[in-house]
Every structure is written in structure tokens, then in C-alpha cells.
């Protein structure tokens, strides 16, 4: 069985539709707010320097047990029912 004949008008319409969709997508990307890399880097450095990281005690110093979110929780009762 031979493949169906392709309609040149239909092919042109499909190409046009694809180009219009691509154009719309590119316009959306163009409208997105952008900031320079230097501003983003400065913001990241400022955040890292001002935010205490509990997993880096060598930089921030030892953490008090009450402030440590990763410290084991002390349970109240240690009884075991058998």
C-alpha cells in the first residue's frame, strides 16, 4: 500500500503554525525580567555570608544543642512495655 499523498497547503499551514508557536514562546521569554549575573552573584554572596549554616561548624562555630535542628530529640519516657 502506497503512503498517502501529502497536501502542500496542509504542510505549509503546519509549518506556519509551528513558527507562530515558536515566535510566541520567544516573545514570552523576551518579556521575562532579567538581572545581570554580577547582581545575582552579589546577592548570593550576601545571603551566604549572612545566613548561618548549621552544617558548617568550622565556619560558624559550635552550635548550642537547643538551636541544632539536627540534634536527636530527647524523649520524655524511656519505659518499655512488654
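In the UniProt record's numbering, the protein residues as written are 1 to 82. Ideal Cβ placement from N, Cα and C applies to all residues, glycine included.
Residue 32 carries a coil assignment under DSSP once its states are collapsed to helix, strand and coil. Within the same chain, and ignoring the five residues on either side of residue 33 in sequence, no residue has its Cβ closer than 6 angstroms to its Cβ. Remark: C-beta atoms of residue 54 and residue 67 approach each other more closely than 9 angstroms. The three-state secondary structure of residue 73, taken from DSSP, is coil.
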